[in-house]
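Here's the structure we're looking at; comments come further down.
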Amino acid sequence: VFKVPGGKNPDGTALFGWNDIGAAYCARCGHRDTAHVILKDLPDAEEELRRLMIQRQAQKPHPLAATLDEPTGTQMSGARVPVRVATTRAVPTGTGTTGAEAGPLAQPSPLQMYELEPGVADPLAASAYAYARAQHEEQKAARMRAAVEEAREERAAVEKAKAEVARANAVTVANGGDETAVRAEAENAAFKAEVERMVKESASAPPHLETLAALTAPVPAGVASTVSEMLRQINLPQYTQTFEDEGMEMSVLISLARGDGKAALDDALKEAGVTSVGHRLKIFAALQ
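This is how it looks when you write it as structure tokens:
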């Protein structure tokens, strides 16, 4: 038992709670507050009584339940009486009762959504539910079949890959070594043979000497001696400055136009700004 901190000292002076050392000791046993354990506060008597009353009220059947269950006077004897569907109703939390004890005022169950009125089933809703369930089962079966087929295809692909690997290993062993090493050795031998052939052709008849001689040959008779003169003859003087800036010479242009460099000459003219096809054709004709 602990007293409320604060109060007055024996001499009558005020004692503040933060300075009251005696409040930290139990008046019954004399031990400190740290040596005690608080289990739980006792519930309020009025609150407990109110909870019990609410629980008992929830367990009582509603007065309308009897009138709903009894047949009315307008029903003929022998007429079909709607059969009530036994459902599990939701129960408010904290009452401690089950669905059967909750009474007719509880929330309706999902099965009651297919009723025209309490106890009378809706045939259209029931049929729609059955159809939807059948469709769901069919789709589920289709998904299962697709999954099985996919697994079968994957297994077949794995088996095929294993067979190919085994076949490749068998071929490698039959060749007497690593297949990659054998392929690399064959490629190296072919590369060496190609290099030797190119060296022999270059030593026997160097083509660059012939090309250099053709490029440095004098301009043939009857052809303009300079680029500016050639452009004036074909009425294209607007390209004179560009050709001179690019360092184009008549001997080089004639060699390319009359030899195997027609494509290179066409690309050079395009880079020089001669975008017109007709202008390029005039230049080709003048160089022939």
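The opening position of the sequence shown corresponds to residue 26 in my numbering, with each subsequent residue numbered one higher.
For glycine and all other residues, C-beta sits at the position ideal for the given N, C-alpha and C.
message: Considering Cα atoms alone, identify which of Ala151, Gln266, Met275, Leu261 is closest to Gly303.
response: Leu261
query: Just to confirm, are Leu294 and Arg305 a CB contact at a threshold of 8 Å?
result: yes
- prompt: Could you give the distance in angstroms between the alpha-carbon of Ala182 and the alpha-carbon of Val173?
  reply: 14 Å
- request: State the DSSP-derived secondary structure class of Ala187, mapped to helix, strand or coil.
  value: It is worth fixing the name first, because residue 187 is Lys in this sequence and not Ala. Three-state result, Lys187: helix.
query: DSSP on Arg257, reduced to helix/strand/coil?
result: helix
field: Check whether Val26 and Ala52 have beta carbons under 8 Å apart
entry: yes
task: Examine the ligand GDP and report whether any of its heavy atoms sits within less than 7 Å of the Cβ of Glu175.
output: Here there are no bound small molecules, and the ligand GDP is not part of this structure.
- prompt: If we call anything under 8 Å between Cβ atoms a contact, is Ala311 one with Thr267?
  reply: no
- prompt: Among the residues of its own chain, which have a CB less than 6 Å from the CB of Ile279, if the five just before and after it don't count?
  reply: Leu312
- request: Could you please give me the residues that DSSP links to Leu40 through a beta bridge?
  value: Gly32
message: Let me make sure I understand the geometry here. Which of Ala159, Ser276, Arg57 has the alpha-carbon closest to that of Gly47?
response: Arg57
- request: Could you give the DSSP three-state label for Arg57: helix, strand or coil?
  value: strand
task: Work out the CA separation of Pro30 and Gly37 for me, nearest whole Å.
output: 16 Å
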